[in-house]
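Q:
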Amino acid sequence: MLYYHDLYKECSFSDYLAVIWNGLPLDGSIAGYLTVLPGLFLIASLWIRPSVSHWIFKTYYAGVAIFTGIVFVVDIVLYRYWGFRLDSTPFFYLKTPKEAFASADLLTIIVGFLAIAVAITLIYLLFNHFLVASGKKMQKSDNRTRYSLILLVTTGLLFIPIRGGFSVSTMNVGWAYFSDKLELNHAAVNPCFSLMESFARENSFDNQYRFMTADEATAEFDKIKDHAPKDSIPMLFTTRRPNVVLIVLESFMSKVVEPLGGIAGVAPNLSRMCGEGVLFTNFYANSFRTDRGLVSILSGYPAQPTTSIMKYPQRSQSLPSIPKSLKSAGYSTGYYYGGDANFTNMRSYLISHKYDNIVSDKDFPLAQRLSKWGAPDHFLFNRASADFKEVQKEPFFKTIQTSSSHEPFDVPSRRFKQPYLNSVFYVDSCLGRFIDQFKQTRYWKNTVVVLVPDHAMRYPANITNHQAERFQIPLLIIGGAVKRPLKIDTYASQIDIAATLLYQLGISHKDFTFSKNILNPVSPHFGYFTFPDGFGMTTPDNYMIFDCEANKVVLNRGLKKNANLKPAKALLQTLYDDLSKR
Numbered sequence: 001m002l003y004y005h006d007l008y009k010e011c012s013f014s015d016y017l018a019v020i021w022n023g024l025p026l027d028g029s030i031a032g033y034l035t036v037l038p039g040l041f042l043i044a045s046l047w048i049r050p051s052v053s054h055w056i057f058k059t060y061y062a063g064v065a066i067f068t069g070i071v072f073v074v075d076i077v078l079y080r081y082w083g084f085r086l087d088s089t090p091f092f093y094l095k096t097p098k099e100a101f102a103s104a105d106l107l108t109i110i111v112g113f114l115a116i117a118v119a120i121t122l123i124y125l126l127f128n129h130f131l132v133a134s135g136k137k138m139q140k141s142d143n144r145t146r147y148s149l150i151l152l153v154t155t156g157l158l159f160i161p162i163r164g165g166f167s168v169s170t171m172n173v174g175w176a177y178f179s180d181k182l183e184l185n186h187a188a189v190n191p192c193f194s195l196m197e198s199f200a201r202e203n204s205f206d207n208q209y210r211f212m213t214a215d216e217a218t219a220e221f222d223k224i225k226d227h228a229p230k231d232s233i234p235m236l237f238t239t240r241r242p243n244v245v246l247i248v249l250e251s252f253m254s255k256v257v258e259p260l261g262g263i264a265g266v267a268p269n270l271s272r273m274c275g276e277g278v279l280f281t282n283f284y285a286n287s288f289r290t291d292r293g294l295v296s297i298l299s300g301y302p303a304q305p306t307t308s309i310m311k312y313p314q315r316s317q318s319l320p321s322i323p324k325s326l327k328s329a330g331y332s333t334g335y336y337y338g339g340d341a342n343f344t345n346m347r348s349y350l351i352s353h354k355y356d357n358i359v360s361d362k363d364f365p366l367a368q369r370l371s372k373w374g375a376p377d378h379f380l381f382n383r384a385s386a387d388f389k390e391v392q393k394e395p396f397f398k399t400i401q402t403s404s405s406h407e408p409f410d411v412p413s414r415r416f417k418q419p420y421l422n423s424v425f426y427v428d429s430c431l432g433r434f435i436d437q438f439k440q441t442r443y444w445k446n447t448v449v450v451l452v453p454d455h456a457m458r459y460p461a462n463i464t465n466h467q468a469e470r471f472q473i474p475l476l477i478i479g480g481a482v483k484r485p486l487k488i489d490t491y492a493s494q495i496d497i498a499a500t501l502l503y504q505l506g507i508s509h510k511d512f513t514f515s516k517n518i519l520n521p522v523s524p525h526f527g528y529f530t531f532p533d534g535f536g537m538t539t540p541d542n543y544m545i546f547d548c549e550a551n552k553v554v555l556n557r558g559l560k561k562n563a564n565l566k567p568a569k570a571l572l573q574t575l576y577d578d579l580s581k582r
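Per the UniProt record's numbering, residue 1 is the first one in the sequence shown, and the count goes up by one each step.
See the structure below:
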């Protein structure tokens with residue numbers, strides 16, 4: 001709370017006390033976990049040589065100091081970017097450390113490592129001074145049997161704070177939630193506990209999010225699936241099998257697109273294009289991270305609150321996808337990305353989903369890899385433009401994934417003082433030049449360009465996951481093969497792109513269980529999104545967000561309050577059932 005004082009500037013002294021009080025159960029639980037082994041060591045130390053026991057104690061306390069020091073400092077640094085307390089997610093990204101640290105600037109990294117070193121040193125000195133000294137005094141006693149029995153009983157009593165008492169409910173992060181203000185709940189959460197709980201539940205997919213019986217979930221999910229159309233659905237394109245270019249815009253959100261009520265002048269090219277194509281005005285990102293967003297877009301598969309299916313190649317390769325379907329229909333495929341395609345197992349996902357050619361950072365000259373994420377977006381779009389001037393095998397499906405509007409927002413231009421807005425302006429300028437150049441090629445007349453972000457940005461900094469606006473993004477389809485400009489106000493999210501696009505191309509989407517055709521009037525339409533241990537569903541009648549840690553609805557607006565609660569729960573339960581079977 002002190003570090004993020006701007007976020008907590010309106011909090012009173014009583015709020016600080018409430019955070020401390022409500023956070024104590026998780027603190028006590030972690031203390032219990034970390035004290036079990038010392039309790040057993042103390043018993044053993046009464047019967048073995050002091051030199052051996054002292055070495056064991058010091059080694060253990062050093063390990064605990066390193067663990068807690070790293071966790072608390074990393075948690076503080078990452079909260080700025082992600083808006084939730086530490087879980088297992090960052091450890092997956094450490095498989096590619098260059099990209100994992102790319103979001104932070106050099107000063108933040110240096111200060112972070114220094115803070116970790118200071119924290120580890122202070123914690124270890126405290127342990128060594130108080131706990132090892134206490135052990136030495138006990139070893140000098142002649143009542144070893146008595147002390148052993150006392151220590152055995154007291155160590156066993158650690159079960160109480162670890163479990164949280166004797167009630168049916170065991171200790172979980174939700175115990176710290178006490179306020180309607182999300183930031184106060186987050187401050188009360190012990191990051192060590194949050195991390196350990198996240199690791200413990202990561203693979204037990206079929207045991208997570210059990211809101212109702214299996215039959216109830218199936219019946220409820222059947223109501224919100226894509227239904228067979230009763231009448232003809234409007235066709236958006238001038239030809240049945242146009243070329244398709246999918247452009248994934250890093251961290252764009254509706255707030256930067258003027259026709260969607262966004263800030264004027266931040267994305268002038270994208271805003272101009274909104275009048276040239278099919279604009280979806282009530283559209284939502286399914287998640288907050290790129291790896292989850294890509295799977296939602298390409299495979300029509302909802303993002304998961306506790307994990308990312310892209311982490312598990314053996315599972316993700318079983319998914320349907322747009323490139324797989326188009327490849328089977330005779331399309332050639334290609335992927336353009338200025339960063340490392342190995343990040344978050346992305347390359348294995350792309351290859352298993354039938355991309356013929358993947359252009360990534362290693363395909364750009366070293367002199368062009370100027371940013372922490374690789375080649376800035378003007379080099380990325382220049383490469384794609386150069387390829388489109390050459391002969392392409394038609395029909396083709398090309399995907400371009402941008403990266404420059406990602407933290408730390410290091411771009412080669414300065415238009416706005418605010419770093420995020422400045423990076424969006426830069427990427428938008430690159431996009432505008434690319435589209436203008438593409439219009440001059442032979443392919444424009446027979447091509448549709450789908451523009452969609454991978455996820456939204458946490459902007460402004462005080463926006464939380466408990467606000468539907470946090471997940472609102474643009475979806476725009478332009479191109480020479482688009483019949484006419486059109487605005488579609490239907491509520492939808494990234495998972496619905498697959499069914500909608502494939503229907504327009506005359507290709508079956510029956511394998512896309514979670515995707516709906518946005519233009520099908522008989523299907524139920526909604527925006528759906530997830531965040532760490534929570535989810536939301538929005539329709540014209542109800543904006544609903546449910547926080548699973550707090551176990552309550554935290555946003556409930558509209559004429560039919562709670563109308564989306566049961567369908568959203570059924571969707572999430574069905575998703576984890578499906579995930580466990582892949």
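The beta-carbon is built from N, C-alpha and C at its ideal position, and this holds for glycine as well.
Note that the structure is predicted; figures quoted are calculated from it, not measured.
With 16 other CB atoms within 10 Å as the buried threshold, where does Ile123 fall?
A: Walking along the sequence shown from the start, residue 123 turns up at place 123. Buried, by the Cβ-count rule.
Q: Rounded to whole angstroms, how far is the Cβ of Val248 from the Cβ of Asp377, which I believe are closer than 8 Å?
A: Numbered from 1 along the sequence shown, position 248 holds the residue referred to as residue 248. Numbered from 1 along the sequence shown, position 377 holds the residue referred to as residue 377. Not quite, the Cβ-Cβ distance comes to about 11 Å (not below 8 Å), so this is no contact.
Q: Looking at the structure shown, is Leu559 part of a helix, part of a strand, or coil, going by DSSP?
A: Taking the sequence shown and counting its residues from 1, the one referred to as residue 559 is at position 559. Coil, per DSSP.
Q: Counting along the chain, where does the alpha helix (DSSP H) carrying Val391 start and finish?
A: Locating residue 391 in the sequence shown gives position 391, counting from the first residue. Looking at the DSSP string, Val391 is not in any alpha helix (DSSP H), and its letter there is neither H nor E.
Q: Three Cβ pairs or more, each shorter than 8 Å: is that satisfied between the region 422-432 and the region 252-271?
A: A contact exists between the region 422-432 and the region 252-271.
Q: Exposed or buried, what is Pro242 when buried is set at 16 or more other beta-carbons lying within 10 Å of its beta-carbon?
A: Within the sequence shown, residue 242 is the residue found at index 242, counting from 1. Burial call: buried.
Q: Measuring only the C-alpha atoms, how far is Phe529 from Lys560?
A: Counted from its first residue, the sequence shown places residue 529 at position 529. Counted from its first residue, the sequence shown places residue 560 at position 560. Going by the C-alpha atoms only, they are around 19 Å apart.
Q: Between Ala18, Ile160, Tyr301, Thr239, which has its C-alpha nearest Val448's C-alpha?
A: Numbered from 1 along the sequence shown, position 448 holds the residue referred to as residue 448. Among Ala18, Ile160, Tyr301, Thr239, the Cα nearest to that of Val448 belongs to Thr239.
Q: With a cut-off of 8 Å on the beta carbons, I'd call Thr402 and Glu250 a contact; round off their distance for me.
A: The sequence position of residue 402 within the sequence shown is 402, counting from 1. The sequence position of residue 250 within the sequence shown is 250, counting from 1. Contact flag correct, Cβ pair sits at about 5 Å.
Q: So, with DSSP's three-state summary, where would you put Gln304?
A: Your numbering for residue 304 matches position 304 in the sequence shown. Correct three-state label for Gln304: coil.
Q: Whole angstroms is fine: what's the gap from Val77's alpha carbon to Asp105's?
A: As a position in the sequence shown, residue 77 is number 77, starting the count at 1. As a position in the sequence shown, residue 105 is number 105, starting the count at 1. One C-alpha to the other measures close to 11 Å.
Q: Can you tell me whether DSSP reads Thr574 as helix, strand or coil?
A: Against the sequence shown, residue 574 aligns to sequence position 574. In the structure shown, Thr574 sits in a helix (DSSP, three-state: H, G or I).
Q: Could you check the C-alpha separation between Ala498 and Leu157 for me, to the nearest Å?
A: Indexing the sequence shown from 1 puts residue 498 at position 498. Indexing the sequence shown from 1 puts residue 157 at position 157. Rounded to the nearest angstrom, the two C-alpha atoms are 54 Å apart.
Q: If distances are taken between C-alpha atoms only, which option among Asp436, Trp21, Val411, Phe397 comes closest to Asn185?
A: Stepping through the sequence shown from its first residue, residue 185 is reached at position 185. The shortest Cα separation from Asn185 among Asp436, Trp21, Val411, Phe397 belongs to Trp21.
Q: How about Gly374 and Asp387: are their beta carbons less than 8 Å apart?
A: Sequence index remark: in the sequence shown, residue 374 carries index 374 (1-based). Sequence index remark: in the sequence shown, residue 387 carries index 387 (1-based). Cβ atoms of Gly374 and Asp387: not closer than 8 Å.
Q: Do Pro320 and Gly339 have their beta-carbon atoms positioned less than 8 Å apart in this structure?
A: The count along the sequence shown starts at 1 and reaches residue 339 at position 339. The count along the sequence shown starts at 1 and reaches residue 320 at position 320. No, the pair does not count as a contact, with Cβ atoms beyond the cut-off.
Q: Return the first residue and the last residue of the alpha helix (DSSP H) that Gln504 is part of.
A: Locating residue 504 in the sequence shown gives position 504, where the first residue counts as 1. Gln504 -> alpha helix (DSSP H) spans 497-504.
Q: Can you check which of these residues, Thr441, Tyr491, Asn462, Pro485, is closest to Ile473 by C-alpha distance?
A: As a position in the sequence shown, residue 473 is number 473, starting the count at 1. Selected option, being the one with the closest Cα: Tyr491.
Q: Run the CB neighbour count on Leu501, radius 10 Å, all protein chains shown included, and call it buried at 16 or more, exposed below.
A: For the purposes of this step, residue 501 is taken as the residue at position 501 of the sequence shown. Label assigned to Leu501: buried.
Q: Whose C-alpha, out of Gly63, Asp15, Asp27, is nearest the C-alpha of Leu37?
A: Residue numbering aside, residue 37 sits at position 37 when the sequence shown is read from its first letter. Per the Cα distances, Gly63.
Q: To the nearest angstrom, how far is it from the Cα of Ala303 to the Cα of Ile495?
A: Reading the sequence shown from its first residue, position 303 is the one you call residue 303. Reading the sequence shown from its first residue, position 495 is the one you call residue 495. Looking at the two C-alpha atoms, the distance is approximately 9 Å.
Q: So, using beta-carbon positions, are Phe237 and Val482 closer together than 8 Å?
A: Translated into positions along the sequence shown, residue 237 becomes position 237. Translated into positions along the sequence shown, residue 482 becomes position 482. Result yes, Cβ atoms of Phe237 and Val482 sit closer than 8 Å.
Q: Quick one: what's Ser332 bridged to in DSSP?
A: In the sequence shown, counting from the first residue as 1, residue 332 sits at position 332. Beta-bridge pairing links Ser332 to Phe396.
Q: From Leu42 to Pro50, what distance separates their C-alpha atoms?
A: Position 42 of the sequence shown, counted from the start, is the residue given in the question as residue 42. Position 50 of the sequence shown, counted from the start, is the residue given in the question as residue 50. The straight-line gap from Cα to Cα measures roughly 11 Å.
Q: Starting from Ser493 and walking both ways along the beta strand (DSSP E), at which residues does that stretch end?
A: Sequence index remark: in the sequence shown, residue 493 carries index 493 (1-based). Here the beta strand (DSSP E) through Ser493 covers 486-493.
Q: According to DSSP, is Ser325 helix, strand or coil?
A: If you number the sequence shown from 1, residue 325 lands on position 325. Ser325: helix per DSSP, three-state reduction.
Q: Return the chain-ordered list of same chain residues with a C-beta closer than 8 Å to the C-beta of Leu555, the five sequence neighbours on each side being excluded.
A: Taking the sequence shown and counting its residues from 1, the one referred to as residue 555 is at position 555. For Leu555, where only same-chain residues beyond five positions count, the Cβ hits under 8 Å are His466, Gln467, Ala468, Gly536, Tyr543, Met544, Ile545.
Q: Provide the residue(s) that pair with Thr447 in DSSP beta bridges, ordered along the chain.
A: In the sequence shown, the residue the question calls residue 447 occupies position 447. Asn243.
Q: Can you name the start and end residues of the beta strand (DSSP E) that Phe237 belongs to?
A: Looking up residue 237 in the sequence shown gives position 237. Neither: Phe237 is in no beta strand (DSSP E) and is coded neither H nor E.
Q: Among residues of its own chain, excluding the 5 on either side of Lys445, which ones have a beta-carbon nearer than 8 Å to its beta-carbon?
A: Counted from its first residue, the sequence shown places residue 445 at position 445. Only Gly480, Ala481 meet the Cβ criterion.
Q: In the DSSP assignment, find the unbroken alpha helix (DSSP H) run with Gly164 in it and report its ends.
A: Reading the sequence shown from its first residue, position 164 is the one you call residue 164. It is not in any alpha helix (DSSP H) - Gly164 carries neither H nor E in the DSSP assignment.
Q: Of all the CB atoms in chain C, is at least one closer than 8 Å to the CB of Asp454?
A: Given the protein chain composition of this structure (a single chain), no chain C is represented.
Q: At the level of alpha carbons, what is the spacing between Phe526 and Lys58?
A: Numbered from 1 along the sequence shown, position 526 holds the residue referred to as residue 526. Numbered from 1 along the sequence shown, position 58 holds the residue referred to as residue 58. In a straight line, the C-alpha of Phe526 is about 56 Å away from that of Lys58.
Q: Confirm, please, whether the CB-CB distance from Pro305 to Ser352 is below 8 Å.
A: Position 352 of the sequence shown holds residue 352. Position 305 of the sequence shown holds residue 305. Going by C-beta atoms, Ser352 is not nearer than 8 Å to Pro305.
Q: Going by C-alpha to C-alpha distance, which of Leu519, Gly534, Asp222 sits closest to Pro229?
A: To locate residue 229, count along the sequence shown from 1; it is residue 229. Considering only alpha carbons, the answer is Leu519.
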